[in-house]
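Enquirer: Quick one: the structure is below, questions incoming.
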Amino acid sequence: MNQFTNEQWQDIFTKFCHDCFMYWRHEGDSIAVAFDKAREETLKLRHYPFAPKGPEVNYDSLSKWGEMYNQTVVEILHSYEQDDALGDLRICEHCGFPVFDGYYIAGSFFCCECCAIDGSYDGDKEQFEQDLEEGDDPQNPMWDEVYWSQWHYPIND
Ligand SMILES: [Zn+2]
Ligand SMILES: [Zn+2]
């Protein structure tokens, strides 16, 4: 029994990983260490994590997720962190989570809507939504300054 599509599962896993990541960051772990732990925890999921008695995880979707959020990403984070060069990676400006899909806002990347609104708009959701709309309009000066995208290559490209 499975009521989620693969695409929905991808979002569920990423959101869960992001939550674990934030937990470990609050515990004082570095970005690389927190991501490493959060990724491991996500790969161990057996049930939908956001409700009691959730459906069993779709393991095909989980292994797809793991192909993208893979060990190489962990190693890249560790090595850039050691060199104090995390700023060169496509990681969230607000929380440090690696960005495979998320928001580009005038030169910075954000991993999710919350991080974009808190990190770049001081909580102003309306302004964010307006900028997203204008960023989608080639006639507008905001064109391509604010948009959502997906990247299917490592975070250091
Ligand atoms: Zn973030
Ligand atoms: Zn976020």
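In this note's numbering, the protein residues as written are 26 to 182. Glycine included, every Cβ here is placed at the ideal spot set by N, Cα and C.
1) Report back the beta-carbon spacing between I180 and L114 to the nearest angstrom; my notes put them in contact at under 8 Å.
2) Rounded to whole angstroms, how far is the Cβ of D108 from the Cβ of S174, which I believe are closer than 8 Å?
3) With contact counted as at least three CB pairs below 8 Å, one residue from each stretch, are the region 147–161 and the region 77–87 in contact?
4) Report yes if the C-beta distance between C45 and K69 is below 8 Å; otherwise report no.
5) Tell me whether R71 is buried or exposed, calling it buried when 16 or more other Cβ atoms sit within 10 Å of its Cβ.
6) Run through the DSSP bridge pairs and tell me what W173 is partnered with.
7) Kindly provide the chain-ordered list of residues whose Cβ lies closer than 5 Å to any non-hydrogen atom of ligand 2.
8) In whole angstroms, give me the CA-to-CA distance for I130 and C120.
9) Find the nearest neighbour of E100 within the set E66, V58, K78 and C136, judged by alpha-carbon distance.
10) Can you tell which of Y128, E138, K78 and K89 has the C-alpha that lies nearest to the C-alpha of G160?
11) Under 8 Å between the Cβ atoms of C140 and C117?
12) Any heavy atom of ligand 1 within a distance shorter than 7 Å of the CB on F122?
13) Using 8 Å for Cβ pairs, my map puts L111 next to F60. What's the rounded Cβ distance?
14) Quick one: which unbroken beta strand (DSSP E) runs of 3-plus residues sit fully inside the region 97–168? Chain order, please.
15) In angstroms, rounded to a whole number, what distance separates the CA positions of E170 and D54?
Expert: In terms of the structure at hand:
1) 5 Å
2) No, D108 and S174 are not in contact; Cβ-Cβ is about 27 Å, not under 8 Å.
3) no
4) no
5) exposed
6) Y128
7) C136, C137 and C140
8) 15 Å
9) V58
10) Y128
11) yes
12) yes
13) In fact, because the Cβ distance is near 11 Å, the residues do not count as touching under 8 Å.
14) 126–130 and 133–135
15) 32 Å
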